[in-house]
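**Q** Residue numbers (full-length UniProt numbering): 294 to 573. No residue lacks a Cβ here, since even glycine has one placed at the ideal position from N, Cα and C.
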Ligand code: C2E
Ligand code: MG
Ligand code: MG
Ligand code: MG
């Protein structure tokens with residue numbers, strides 16, 4: 294074990310593992326600078342109504358282009374930022390950036406869309422969250438109902454009372470709440486009905502083989518039925534084929550998001566998704 298050994302104990306690691314540790318450390322160290330040096334960007338992925346085909350929202354997704362390491366996936370750096378606690382500062386920056394962007398689009402006359410922002414477990418556990426959200430709304434002038442917070446099932450790792458309290462405090466501000474990656478985590482269905490959620494996002498793990506795998510189809514059908522019986526709407530993630538979209542339509546799923554319509558794109562491309570947009 295590294296703790297008990299001297300410098301020579303690194304030989305006990307297999308080289309691949311050592312490389313992983315070095316990369317983690319590199320990313321950890323570079324992340325603070327990345328925010329200050331403008332290496333981070335927010336991209337936006339359109340969310341589309343299955344019934345009308347209209348763009349009804351966007352999900353804000355972080356992108357990092359490091360000068361020497363190249364593009365680093367949020368799937369890799371978000372967990373590292375979570376461990377160090379830096380995610381709280383990073384997440385605040387994303388929320389401000391996305392809300393400002395949405396307010397700019399609103400000022401152009403686009404008023405029927407929502408801007409969804411991912412919240413990490415640490416951000417959700419921060420007692421200052423509701424006042425931060427209110428501050429961001431006030432500073433940007435974005436109407437509360439146009440901001441959506443995506444939480445994950447791992448928030449249930451806190452006490453249920455605390456979780457419900459935080460969700461209610463956010464809800465009271467007028468923002469929308471969505472449960473992200475639904476079906477992959479630990480949340481108990483008994484708690485789910487007590488959470489004041491507006492929508493569930495079906496994880497792409499279920500969507501991927503929707504048309505071939507009877508089990509995934511059954512799970513998706515059950516999620517949609519349950520969500521509707523709780524008064525929540527459903528958005529499917531990772532939709533890549535018209536086959537998947539047709540199936541989701543027959544299940545009564547409201548919205549979708551996926552490469553079939555668009556990848557996450559920078560703001561100047563995202564704005565083109567609005568109907569009636571005429572580039573000046
Ligand atoms: P997520 O919130 O579940 O976001 C959906 C992910 O699915 C995004 O990956 C998106 O690019 C990808 N995706 C969308 N459509 C398709 C599709 O049709 N096919 C496939 N294969 N993938 C699709 P991305 O951007 O790499 O983000 C990965 C995860 O990193 C996110 O999953 C989220 O958990 C986290 N993340 C990204 N940005 C933020 C952020 O600002 N804050 C926090 N806390 N987490 C973030
Ligand atoms: Mg998300
Ligand atoms: Mg998701
Ligand atoms: Mg996901």
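Can you give the Cα-Cα distance for residue 479 and residue 343, rounded to whole angstroms?
**A** Using only the alpha carbons, I get a separation of about 28 Å.
**Q** Answer with buried or exposed for residue 314, where buried requires no fewer than 16 other C-beta atoms within 10 angstroms of its C-beta.
**A** Answer is exposed; the Cβ neighbour count stays below 16.
**Q** Pick out the complete alpha helix (DSSP H) segments inside the region 438–477, 4 residues or longer, and give them in chain order.
**A** Entirely contained in the region 438–477, the alpha helix (DSSP H) runs reaching 4 residues are, in chain order, 453–465.
**Q** Contact check, residue 531 vs residue 501 under 8 Å by CB: the rounded distance?
**A** Rounded, the Cβ-Cβ distance is 6 Å, consistent with contact.
**Q** For residue 460, collect the residues of the same chain with a Cβ closer than 7 Å to its Cβ; drop the 5 residues on either side in sequence, then sort them by chain order.
**A** Only 470, 488, 489 meet the Cβ criterion.
**Q** Should the region 547–559 be regarded as contacting the region 326–333, the criterion being three or more beta carbon pairs within less than 8 Å?
**A** Not touching, per the Cβ criterion.
**Q** Check whether the Cβ of residue 332 sits closer than 7 Å to any heavy atom of ligand 1, and report yes or no.
**A** No; taking the cut-off as 7 Å, the Cβ of residue 332 has no heavy atom of ligand 1 nearer than that.
**Q** With DSSP collapsed to three states, give me the class of residue 294.
**A** The predicted model places residue 294 with a pLDDT of 44, which falls under 50 and marks its position as unreliable, so this point remains unresolved.
**Q** Since residue 517 contacts residue 545 with CB under 8 Å, what's their CB separation in whole angstroms?
**A** That belief holds up - the Cβ atoms of residue 517 and residue 545 are roughly 6 Å apart, short of 8 Å.
**Q** Can you determine whether any heavy atom of ligand 2 sits closer than 7 Å to the C-beta of residue 411, and answer yes or no?
**A** Under cutoff, so the answer is yes.
**Q** May I ask you to verify whether the region 360–369 touches the region 381–397, counting CB pairs closer than 8 Å and requiring at least 3?
**A** Cβ pair count under 8 Å is below three, so no.
**Q** For ligand 3, is there any heavy atom lying closer than 7 Å to the beta carbon of residue 561?
**A** Incorrect: residue 561 has no Cβ contact closer than 7 Å to ligand 3.
**Q** Less than 7 Å between the CB of residue 491 and some heavy atom of ligand 2, yes or no?
**A** The answer is no for residue 491.
**Q** Helix, strand or coil for residue 318? Go by DSSP, reduced to three states.
**A** In the structure shown, residue 318 sits in a helix (DSSP, three-state: H, G or I).
**Q** Closer than 7 Å: is that where the CB of residue 428 sits relative to any heavy atom of ligand 1?
**A** No - ligand 1 has no heavy atom lying nearer than 7 Å to the Cβ of residue 428.
**Q** Please tell me whether, using a cut-off of 7 Å, the distance from the CB of residue 337 to the nearest non-hydrogen atom of ligand 1 is below it.
**A** Flag unset: Cβ of residue 337 not near ligand 1.
**Q** Which residue spans inside the region 364–402 form an unbroken beta strand (DSSP E) run of at least 3?
**A** Whole beta strand (DSSP E) segments, 3+ residues: zero.
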